[in-house]
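Using numbering that gives the first Met the number 0, you'd call the opening residue of the sequence shown number 0 and step up by one each time.
Every residue, glycine too, gets a C-beta built ideally from N, C-alpha and C.
Just so you know, these numbers come straight off a predicted model, no measurement behind them.
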Amino acid sequence: MLTRVMPQGDEGAAQVARADGYAAFVRAADAAYPRPIPNVLEFNAPVHENWNIVHTGMLVPECHQIYVCADNCLRGVVLTAAEMGMSDRFSGVVLEERDLLCDNLESVTIEGVSDVIRRLPYRPRAVMIFLVCLHHSMGCDVRYVYRELERRFPDIFFMRCWMDPIMQKTGITPEQKERKAMLDALQELPMDKRLLGIVSDDLRLPDDSDIVRLVRRAGWRVLQLHDVGSFDEYLSLGASALLLTRSFFGAWGLEKTADRLGRRWLYLPPALLYDSIDEGLVILADALGCPAPGTADLRTSCDVALGALAEELSGTPVAIDYVAINRPLELARLLLGRGINVRRVYVDAVSGEERDTLEWLRACAPDLELWSTIHPTLRQESRDGGDSWLAVGPKAAWFCGTTHFVNVIETDGMWGYSAILGLVRLMREAWAERKDTRGLVPRKGLGMPCCCQVPSVSRAAGGACA
């Protein structure tokens with residue numbers, strides 16, 4: 000018998016049920032933590048600019064990805080690789096019912112992966128193997144699988160990844176597991192006492208960021224995952240005296256890797272409130288062994304820029320989404336405090352890092368609307384707000400129906416005061432110019448090559464983009 004799905008625990012506890020179910024948004028004053036809107040059936044909007052496990056894995060050079068799953072699960076990741084024009088670095092082993100009835104999952108996985116590797120026209124230095132939910136439910140002996148593959152192919156490093164969405168909302172997520180698997184390849188090398196390694200981030204940290212400026216002022220060098228061109232260069236990250244990530248998904252694996260290598264590590268999320276930025280700079284300066292920088296001038300520059308933005312927008316309603324900004328509630332608080340008319344934040348769950356910010360919004364911006372991006376009623380929600388809105392992020396743009404939007408993901412890789420100044424600049428540009436929202440937001444993996452976006456990538460390599 001089917002049972003109506005209701006809020007779990009305190010999720011959406013402040014919501015009042017309507018005749019047609021729960022609303023897709025809630026006032027900040029009434030928002031529950033951690034999920035302002037309760038989990039029900041989910042709607043998937045046609046906005047795909049955020050990265051997935053295929054995009055992230057492609058950052059490792061000389062690495063091949065192999066997914067071992069049923070063909071219905073394989074479809075999405077196959078299309079992602081094709082859209083990137085990187086099908087030559089991607090393979091699949093299709094599991095069928097007869098494989099489970101007439102064989103065992105261990106041998107099917109081992110023989111399938113072995114066959115793929117032997118057929119490749121090149122020899123990869125590393126292979127990411129993505130096992131799936133079926134390997135959990137069938138009790139597959141994963142250790143035996145990898146032990147046998149390592150015996151057969153001793154020259155290849157196998158990264159133990161998962162594509163198991165059943166774990167997406169409980170326990171360690173596939174994104175966290177993948178980033179740890181990428182770091183498992185790093186081995187302890189002679190330490191370079193002046194080298195900072197930046198790992199596990201999707202987007203490259205700009206050279207003018209507050210972090211890079213402080214690191215160079217301290218006399219250190221920076222090596223980012225995005226700057227390595229070979230697997231050997233990737234392995235050289237193991238010489239870093241200090242490892243750093245800005246990604247929540249990367250912190251779990253980085254902690255374990257740093258412990259294994261005997262290295263120090265930092266997690267510096269892209270905060271957007273002045274005091275939080277200063278706290279991060281103090282932590283970094285202490286790790287580098289140098290004085291923390293003064294930030295009074297940077298604060299003044301941000302205040303001036305935000306004031307000019309408020310004057311230019313002159314009451315224009317603003318919507319923010321979690322795809323564009325790692326800490327969307329912090330950006331809402333920052334802008335509201337400078338007189339900018341933030342009306343909506345599209346966020347499905349509030350992270351623990353933003354719990355205090357949610358409390359501030361409850362008290363100081365009670366009428367701010369927190370919108371779900373996956374609620375089923377959004378299928379029929381009006382998207383006729385039009386160009387009266389300025390959106391920060393592709394999902395906010397799509398839901399509001401505006402062509403004035405900041406087209407970034409993950410704070411565009413920026414951090415600190417430079418991130419605030421960069422976002423202000425992008426918001427001013429977005430308000431002055433229109434974009435093709437319907438043409439842009441369905442494309443996967445903003446910032447990665449895609450044959451939909453890059454004319455030089457052949458359609459033959461990624462025909463699925465058409």
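query	result
Can you tell me which of Ile339, Asp183 and Gly421 puts its alpha carbon nearest to the alpha carbon of Arg259?	Asp183
For His63, collect the residues of the same chain with a Cβ closer than 6 Å to its Cβ; drop the 5 residues on either side in sequence, then sort them by chain order.	Arg88, Pro123 and Val126
Suppose you measure from the CA of Ala80 to the CA of Cys101; what does that come to, to the nearest Å?	31 Å
With the cut-off set at 8 Å, would you say Trp397 and Val46 are in Cβ contact?	yes
In terms of DSSP beta bridges, what is Val317 paired with?	Val341 and Leu389
Can you tell me the Cβ-Cβ gap for Leu253 and Ser199, rounded? I've got them flagged as a contact below 8 Å.	6 Å
Considering just the uninterrupted stretch of the beta strand (DSSP E) at Gln175, what are its terminal residues?	No beta strand (DSSP E) contains Gln175, which is instead part of the alpha helix (DSSP H) from Pro173 to Asp183.
Have a look at Leu271 and Leu335 and give me their C-alpha separation to the nearest angstrom.	13 Å
Which residue wins for smallest C-alpha separation from Val317, given the options Leu241, Asp383, His403 and Ser239?	His403
Would you give the residue range spanned by the alpha helix (DSSP H) that Tyr66 belongs to?	No alpha helix (DSSP H) holds Tyr66; the beta strand (DSSP E) holding it covers Cys62 to Cys68.
Please classify Lys443 as buried or exposed, where buried requires at least 16 other C-beta atoms within 10 Å of its C-beta.	buried
Provide the residue span of the alpha helix (DSSP H) that contains Ala295, from first to last.	Ala295 to Leu312
Would Cys399 and Arg382 qualify as a contact pair, given that the criterion is a beta-carbon distance under 8 Å?	yes
Helix, strand or coil for Tyr266 per DSSP?	strand
Are three or more beta carbon pairs between the segment 208 to 217 and the segment 411 to 424 nearer than 8 Å?	yes
Pick helix, strand or coil for Gly444, following the three-state DSSP scheme.	coil
Name the two residues that bound the continuous beta strand (DSSP E) containing Gly91.	Phe89 to Val93
What number of angstroms, rounded off, separates the C-alpha of Tyr121 from the C-alpha of Arg146?	23 Å
Taking just the CA atoms, how far does Gly446 sit from Ser229?	20 Å
The alpha helix (DSSP H) that contains Ala191, what's its start and end?	Looking at the sequence shown, residue 191 is not Ala but Asp. Run containing Asp191: none in the alpha helix (DSSP H); it sits in the beta strand (DSSP E), Asp191 to Ile197.
Going by CA-CA distance only, name the one from Ala217, Ser235, Gly218 and Arg215 that's closest to Leu224.	Ser235
Does the distance from the CB of Leu202 to the CB of Val214 come in under 8 Å?	no
Does the beta-carbon distance from Glu177 to Ile65 come in below 8 Å?	no
With a threshold of 16 other CB atoms inside 10 Å of the CB of Leu367, please say whether the residue is buried or exposed.	buried
Counting Cβ pairs closer than 8 Å, one from the segment 367 to 379 and one from the segment 34 to 50, do we hit at least three?	yes
Grouping DSSP H, G and I as helix and E and B as strand, with all else coil, what is Trp161?	strand
Kindly identify the DSSP beta-bridge partner or partners of Val221.	Leu195
Going by the CB atoms, is the gap between Leu185 and Gly237 shorter than 8 Å?	yes
In chain order, which continuous runs of the alpha helix (DSSP H) of length 4 or greater are located wholly inside the segment 127 to 155?	132 to 136 and 141 to 151
Thinking Gly392 and Ala331 are a contact (beta carbons under 8 Å), I'd like their distance in whole angstroms, please.	Not quite, the Cβ-Cβ distance comes to about 12 Å (not below 8 Å), so this is no contact.
Report buried or exposed for Pro269, applying the criterion of at least 16 other Cβ atoms within 10 angstroms of its Cβ.	buried
Roughly how many whole angstroms lie between the Cα atoms of Gln7 and Ala31?	In this predicted model, Gln7 has a pLDDT of only 47, less than 50, meaning its place in the structure is not dependable enough to derive any value.
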